[in-house]
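Heads up, the sequence shown stops at 72 in my numbering, and the numbers go up one at a time, no gaps.
Think of the CB as a built atom: it goes at the ideal place given N, C-alpha and C, for glycine as much as any other residue.
In what follows, a structure is listed as structure tokens, so that the remarks can point back to it.
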Amino acid sequence: MLRGRQRSVMGMLIEPGGVEFLEVCERTLRRLPFMESQLGGFKYDPERGLDDAQRELLLENADAVRFEFLD
């Protein structure tokens with residue numbers, strides 16, 4: 002249910018390591034800073050962005066899913 006209405010959605014795994022994958026991970030970390038402990042235990046700095054070591058940890062520990070409404 003979304004806003005009191007039944008909705009149908011499909012989730013699709015985003016290709017790990019691609020631009021979209023990293024953008025989704027960064028957006029998530031900006032909105033939900035506590036997730037850094039779930040995604041490798043690193044300290045994310047939104048002003049600096051992800052460094053190479055953090056990207057590697059995300060590739061090892063994270064999946065990203067894009068949801069699309071079917072109705």
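Residue i and residue j closer than 8 Å at C-beta
i: residue 50; j: residue 16; result: no
i: residue 10; j: residue 69; result: yes
i: residue 60; j: residue 18; result: yes
i: residue 45; j: residue 30; result: yes
i: residue 67; j: residue 23; result: no
Residue closest to residue i, alpha-carbon to alpha-carbon, out of the options
i: residue 21; options: 65, 40, 5, 57; result: 65
i: residue 41; options: 5, 63, 72; result: 63
Spatial distance of residue i from residue j (CA atoms)
i: residue 3; j: residue 13; result: 19 Å
i: residue 71; j: residue 7; result: 11 Å
i: residue 37; j: residue 43; result: 6 Å
i: residue 48; j: residue 5; result: 37 Å
Three-way DSSP call (helix, strand, coil) for residue i in this model
i: residue 49; result: coil
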